[in-house]
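Numbering (this note's numbering), first residue to last: 58 to 374.
The structure is reproduced here in structure tokens:
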């Protein structure tokens, strides 16, 4: 079956590509033995197909990059998703000695690691995401979240509480374990302006939150001063753990924890206080009280627990 899918995917048959992608998400162990054949067939996308690639395949990718392969962007993305000692060693080396063709990239070779949810920081690997993810679903005890206190600095609209959770809930504690946060986490943003700039907010373990002065003015300011009331959501269904798949990959529904399913390129903001790359903590799709999606895009949530700052990043197709 998988051999046939590889042949069809090499012929750019979309149904075969989707089926291989499903296997990579749900049962990567079935796909793993076939990855060398998939790579030899020239099927490089989606790169997440290669997350369970072994050391031998990783070395083959590294060798191709060092030899100046024309598919440099794709190969770096694949290696970023495979992770492991072989990939780490190569990215370390390329920080000081970039491979052929690196001068034509928009970012440095080691910066591709962000696409896989990890970076090199102070000589060590740092994980930007959590391994466990839970869905965020409407709270049956408190369906409608009232407008947050305060208003947007620019458009004067009431602030939106994009998430309100507490590590006293075991599920929240698991999803946020990689951040070091403890206590209630409530993040506010402007539902209109956050589509045009990264919005930072101060957060405190007591649940207080307000917009931070570190946010840059948006390139566009809307004149709608009364954004719709949205559903308050709480963690519910376990979506994934390291034992269920490769580890919480590609969350595309409202969720806390796991790895983001980016619409565009990976966009981890830097903390405006310490410049450290912020931890990814979840994503939200705003819904009105009837459960209808309010906007097309997705709001990605980030946290720097040490500095007490959160951030929202918006992407749409």
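Where a beta carbon is used, it is the ideal one built from N, C-alpha and C, also for glycine.
*Can you list, in chain order, the residues of its chain whose CB lies under 8 Å from that of residue 245, leaving out five sequence neighbours each side?*
As a working mapping, residue 245 is identified with position 188 in the chain shown. Within the same chain, residue 245 has close Cβ partners 205, 207, 216, 217, 218, 219, 258, 266, 267 and 268.
_Residues that DSSP places opposite residue 369 in a beta bridge_ = Locating residue 369 in the chain shown gives position 312, where the first residue counts as 1. DSSP lists 256 and 358 as partners of residue 369.
*asked:* Closest to residue 287 by C-alpha separation, out of 117, 322, 349 and 331, would be which residue?
replied: The residue labelled residue 287 in the question sits at position 230 within the chain shown. When each option's Cα is compared against that of residue 287, the closest is 349.
*Environment of residue 209 [buried if 16+ CB atoms lie within 10 Å]*: The residue given as residue 209 occupies position 152 in the chain shown. Residue 209 should be labelled buried.
_Report the CB separation of residue 292 from residue 228 in whole angstroms; it is logged as a contact under 8 Å._
Residue numbering aside, residue 292 sits at position 235 when the chain shown is read from its first letter. Residue numbering aside, residue 228 sits at position 171 when the chain shown is read from its first letter. That belief holds up - the Cβ atoms of residue 292 and residue 228 are roughly 4 Å apart, short of 8 Å.
_Alpha carbons only, please: which of 263, 222 and 189 is nearest the one belonging to residue 231?_
To locate residue 231, count along the chain shown from 1; it is residue 174. Comparing Cα positions, the closest option is 189.
_What residue range does the alpha helix (DSSP H) around residue 85 cover?_
Counting from one through the chain shown, the residue named residue 85 turns up at place 28. 85-88 is the extent of the alpha helix (DSSP H) around residue 85.
*What separation, rounded to the nearest whole angstrom, lies between the Cα atoms of residue 97 and residue 339?*
Your numbering for residue 97 matches position 40 in the chain shown. Your numbering for residue 339 matches position 282 in the chain shown. In a straight line, the C-alpha of residue 97 is about 35 Å away from that of residue 339.
*How big is the Cα-Cα spacing for residue 141 and residue 165?*
Taking the chain shown and counting its residues from 1, the one referred to as residue 141 is at position 84. Taking the chain shown and counting its residues from 1, the one referred to as residue 165 is at position 108. Rounded to the nearest angstrom, the two C-alpha atoms are 19 Å apart.
*Leaving out the 5 sequence neighbours to the left and right, which residues in its chain are closer than 7 Å to residue 116 when beta-carbon positions are compared?*
Locating residue 116 in the chain shown gives position 59, counting from the first residue. Counting only Cβ-Cβ distances below 7 Å, and skipping sequence neighbours, we find 143.
_Less than 8 Å between C-beta atoms, sequence neighbours within five positions excluded: which residues of the same chain meet that for residue 212?_
Working through the chain shown from its first residue, we reach residue 212 at position 155. Once the five neighbours on either side are set aside, the close Cβ partners of residue 212 are 247, 249, 250, 278, 279, 280, 281 and 282.
*For residue 337, which beta-bridge partners are listed by DSSP?*
Reading the chain shown from its first residue, position 280 is the one you call residue 337. DSSP, once it has assigned bridges, lists 359 as partnering residue 337.
*In angstroms, rounded to a whole number, what distance separates the CA positions of residue 104 and residue 131?*
By 1-based counting over the chain shown, the position of residue 104 is 47. By 1-based counting over the chain shown, the position of residue 131 is 74. So the two alpha carbons sit approximately 7 Å from each other.
*Given a threshold of 16 other Cβ atoms within 10 Å of its Cβ, counted over all protein chains shown, does residue 304 qualify as buried or as exposed?*
Sequence index remark: in the chain shown, residue 304 carries index 247 (1-based). Low confidence applies here, because residue 304 scores a pLDDT of 48, under 50, leaving its location unreliable; read the following figure in that light. The residue is buried, with at least 16 neighbouring Cβ atoms inside 10 Å.
*Which one of 82, 370 and 127 has the shortest CA to CA distance from residue 253?*
Numbered from 1 along the chain shown, position 196 holds the residue referred to as residue 253. Nearest C-alpha to residue 253: 370.
*Looking only at C-alpha atoms, which of 185, 194, 367 and 162 sits nearest to residue 290?*
Start at 1 with the first residue of the chain shown, and residue 290 comes out as number 233. Comparing Cα-Cα distances from residue 290 to each of 185, 194, 367 and 162, the minimum goes to 194.
*With DSSP run on the structure shown, which of helix, strand or coil describes residue 82?*
Taking the chain shown and counting its residues from 1, one reaches residue 82 at position 25. If DSSP states are grouped into helix, strand and coil, residue 82 belongs with the helices.
*Determine the burial state of residue 70: buried for a count of at least 16 other Cβ atoms within 10 Å of its Cβ, exposed for fewer.*
The count along the chain shown starts at 1 and reaches residue 70 at position 13. Exposed, because fewer than 16 other Cβ atoms sit within 10 Å of the Cβ of residue 70.
*Would you mind giving the Cβ-Cβ distance between residue 320 and residue 355, rounded to the nearest angstrom? I have them listed as a contact below 8 Å.*
The sequence position of residue 320 within the chain shown is 263, counting from 1. The sequence position of residue 355 within the chain shown is 298, counting from 1. Confirmed, about 6 Å.
*asked:* For residue 336 and residue 242, what's the separation of their Cα atoms in angstroms?
replied: Here residue 336 refers to the residue found at position 279 of the chain shown. Here residue 242 refers to the residue found at position 185 of the chain shown. Straight-line Cα distance between these residues: approximately 14 Å.
*For residue 68, the nearest candidate out of 101, 85, 294 and 88 (CA to CA)*: One-based indexing of the chain shown puts residue 68 at position 11. Of 101, 85, 294 and 88, the residue nearest in Cα terms is 101.
*Reference residue 361, options 136, 185 and 173, closest by Cα*: In the chain shown, counting from the first residue as 1, residue 361 sits at position 304. The option with the nearest alpha carbon to residue 361 is 185.
*Inter-residue Cα distance where the pair is residue 324 and residue 373*: Position 267 of the chain shown, counted from the first residue, corresponds to residue 324. Position 316 of the chain shown, counted from the first residue, corresponds to residue 373. Their Cα atoms are separated by approximately 13 Å.
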